[in-house]
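Protein chains in written order, with this note's numbering: chain A, 21 to 126; chain B, 21 to 126. The beta carbon of each residue, even a glycine, is placed where N, CA and C say it ideally should be.
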DNA sequence: TTTATATGTAACTATTTGGTTACAAATATA
DNA sequence: TATATTTGTAACCAAATAGTTACATATAAA
């Protein structure tokens with residue numbers, strides 16, 4: 021599967037998005053992640069496998085635990101795609117221009 | 021399925037992303053779309069169904085043809101999600117700040 | 001060394017996806 | 001009216017997803 025495909029489909033699940041947000045704050049081991057969800061630990065493992073395949077997260081083994089962390093760089097595979105939509109970027113640019121003018125004084 | 025889910029999974033397919041880019045330029049009927057791909061017209065119909073369900077695309081009937089067009093607004097369901105990642109927005113903001121300073125004079 | 005903990009994987013089920021071909025229905029045209 | 005065009009849908013298949021429970025494995029702790 022293409023990089024962009026795997027990133028978008030990794031993001032197409034509520035639980036996986038929640039995992040990403042959690043890991044963007046701090047690395048966590050599997051049990052710590054699983055505690056935050058109602059689904060079983062093996063289900064979390066499967067989600068982690070999908071996230072790993074998309075390279076949005078990676079693991080480091082520490083003793084019997086495995087710490088997962090977020091790889092922000094991989095998000096660009098998805099974010100970059102949106103650039104096709106020039107008008108979007110124009111709008112964002114205008115919005116940010118206003119924001120900067122307001123917060124910094126023009 | 022949640023809005024965000026359906027948008028991300030709609031985007032998780034190369035052919036559907038290509039359709040979106042095409043429709044962002046101009047509305048097209050099904051045959052015109054299908055001509056640009058190697059897969060069968062019914063396969064295109066299925067993709068259009070998924071895109072419609074995500075509301076990224078909508079159709080207007082004109083005689084026996086159906087013209088599909090892109091709904092940019094729906095993209096925000098996906099784009100907004102990325103805001104969780106503050107550092108990303110900070111980077112973009114800095115990049116845009118530089119860009120604006122360069123093009124407009126600070 | 002035995003036991004407890006952390007994690008992965010296997011096997012299973014139901015649903016969705018991405019493709020196919022065949023056919024139906026609606027509209028335009030000869 | 002008969003025919004051609006445009007599109008949708010049904011029926012099928014193979015693969016992937018999202019979950020489950022049961023079991024295996026590796027490491028830590030008693």
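Going by DSSP, residue 37 (chain B) is part of no beta strand (DSSP E) but of the alpha helix (DSSP H) stretching over 34 to 45. The three-state reading of DSSP puts residue 25 (chain B) in helix, counting H, G and I together.
The residue from A:52, A:111, A:24, A:95 with its alpha-carbon nearest to that of residue 105 (chain B) is A:95. Against chain A, the beta carbon of residue 34 (chain B) has neighbours under 8 Å at 22, 24, 25, listed in chain order. Flagged as an interface residue toward chain A: residue 104 (chain B), by a C-beta distance shorter than 9 Å.
Contact annotation, residue 99 (chain A) with residue 102 (chain B): C-beta distance approximately 6 Å; criterion of less than 8 Å satisfied. For residue 65 (chain B), none of the residues of chain A pass the 9 Å Cβ criterion, the least Cβ distance being about 21 Å. Pairing residue 48 (chain A) with residue 83 (chain A), the inter-Cα distance amounts to about 14 Å. Contact note: residue 41 (chain A) reaches chain B through 104, using a C-beta cutoff of 7 Å and chain order.
Residue pairing by DSSP places residue 75 (chain B) in no beta bridge whatsoever. Taking the Cα of residue 44 (chain A) as reference, the smallest distance to any Cα among A:76, A:85, A:86, A:55 is reached at A:76.
Distances from the alpha-carbon of residue 89 (chain B) to those of B:39, B:24, B:31, B:56 put B:39 closest. For residue 69 (chain B), the secondary structure class from DSSP, reduced to helix, strand or coil, is helix. In the DSSP assignment, residue 91 (chain B) falls outside any alpha helix (DSSP H) and carries neither an H nor an E.
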